[in-house]
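Single-structure report; data block below.
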Amino acid sequence: MLFELIKDHLFLSTYILINLIVFFLYGIDKWKAIHHKWRIPEAHLILAGVFGIFGAILGMLLFRHKIRKPKFYIGLPAIFILELMCVILYMKYL
14 MLFELIKDHL FLSTYILINL IVFFLYGIDK WKAIHHKWRI PEAHLILAGV FGIFGAILGM
74 LLFRHKIRKP KFYIGLPAIF ILELMCVILY MKYL
């Protein structure tokens with residue numbers, strides 16, 4: 014049943030999976046920051062946010078991670094707006 018649902022909604026399932034991975038990346042980086050471990054580079058977190066914007070924003074807010082950095086509190090919402098505009102244009106001219 015679950016596999017049939019995933020197969021029928023492959024795009025949505027993939028998008029949800031990517032966002033979950035990005036969310037956990039932000040959580041892992043926060044954990045590493047607390048424990049003074051090797052960190053995930055900011056450029057990688059931002060790039061991950063391009064592909065999983067909802068996971069990135071949710072990870073930022075729930076883990077309270079990177080919330081003081083303009084690259085993140087301005088950049089990620091800007092990426093969200095750009096992605097939303099692309100989806101709207103795609104749907105309009107499809």
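Sequential numbering from 14 applies to the sequence shown in the working numbering. The beta-carbon is built from N, C-alpha and C at its ideal position, and this holds for glycine as well. The structure presented is a predicted model; accordingly, all values stated were derived computationally and were not measured.
- Where residue 72 is concerned, the enclosing alpha helix (DSSP H) starts and stops at 66-76.
- The region 88-97 makes no contact with the region 48-55; the number of CB pairs closer than 8 Å stays below 3.
- With a 10 Å radius around the Cβ and a threshold of 16 neighbouring Cβ atoms, residue 103 comes out exposed.
- When the five nearest sequence neighbours on each side are left out, no beta carbon in the same chain lies closer than 6 Å to the beta carbon of residue 75.
- By the Cβ neighbour-count rule, residue 107 is exposed, with fewer than 16 other Cβ atoms within 10 Å of its own.
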